[in-house]
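Before any comments, here is the structure.
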Amino acid sequence: MNTKSTTAMPDEKLKKAPPEASEANKEFTPLLQKLVTYSKLKISKPSIKIGEFYGAPGAGDSRIISVVSTLMFIAIWAFVTEMGFIDALFLPSPVDVLQKFLDIASNGFAGATLIEHLYASLTRIFGAFFFACLIGIPLGILIGCSYILRGIFDPLIEFYRPLPPLAYLPLIIIWLGIDESSKLTLIFLAMLAPIILSARAGVTSVRIEQIQVAYSMGASRWQVITQVISKGALPDILTGMRIAIGFGWTTLVAAEMVAAQQGIGFMVLNASEFLRTDVVIAGIIVIGVIAYCFDLFMRYLERKLVPWKGHN
């Protein structure tokens, strides 16, 4: 009797089990199954991340606040200028600046179109930036890894780093003349020091456990530098590149003071001599927008190349 009861129990469960579950599973296609799984994950995923509101500095999306604050600043600027509180010679209205920008874009200014001015400035900036990264990143990593190189290059870098570019501009003109090489050299020197120092700081931020593990697994010194230290220093290197491009834009105006015929900095300087404030502000806005777009691009690269930054 016991054997019959035990064998009958599974048969009764199978008879009582509804066939809807098995039939429903057969009806779902692989695409629908993926959609159902994805929706379940989204629903079960917590809406509040750990530490988002409790101790995470700067957590939250600030894009809406940035847009609103920018529109408020423009509205205040328009109100102050349109009501006549500030003379147009010192601060033209946003409408006047926009009209002048459109005029420069179509008719040009100081013997060149806006595209020609942009091309000249961007060639100088990113040409110097390329060579500064090509030299500064490896040199900074090697300085951080070798006390001999640190002793050789540290005094030179720390000596010229605080100097304003206008201080050694006459010396560069004496050495290289007034052609494009002097402009590129001036911007290059302004960018080089931040990149070297950031790469060196990145080397010191690499955890010693990672280096020891690489050595214990048979890696050579060169492999440790290229595969462990360089990748560990990448967050600081990208930050240094962002700082360097800012120094490059501030140096651009000084570089285009030297016998330049085209460039955004040259356009701003030329307009300031004739008290064309609208052209000056238009040029400043162009420089700021380009620099901000490059900074956004560097942030995007940072998210893609170093997704572990900020996470323990």
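Just so we're aligned, residue 1 is where the sequence shown starts under UniProt numbering, counting upward by one. Beta carbons: idealized from backbone N, C-alpha and C, even for Gly.
Beta-bridge partners of Phe109 (DSSP): Ala112. Between the region 100 to 116 and the region 267 to 285 there are three or more inter-stretch CB-CB distances shorter than 8 Å, so the stretches are counted as touching. A contact between stretches requires three or more CB pairs, one per stretch, nearer than 8 Å, and the region 113 to 130 meets this requirement with the region 244 to 252. Across the structure, Leu234 and Val306 are spaced so that their CA atoms are roughly 7 Å apart. Your pair Gly140 and Ser198 checks out as a contact, with CB atoms roughly 7 Å apart and the cut at 8 Å. Contact check for Ala190 against Phe247 passes: the beta carbons are separated by less than 8 Å. For Asp179 and Asp295, the gap between their C-alpha atoms comes out near 29 Å. Look at Arg207 here: in three-state DSSP terms it is coil, with no helix or strand label.
Judged by DSSP in its simplified three-state form, Arg161 adopts coil rather than helix or strand.
Counting along the chain, the unbroken alpha helix (DSSP H) around Phe247 starts and ends at Leu234 to Ala255.
Under the three-state reduction of DSSP, Phe85 is assigned to coil, being neither helix nor strand. In this structure, the alpha-carbon of Val203 lies about 28 Å from that of Pro165.
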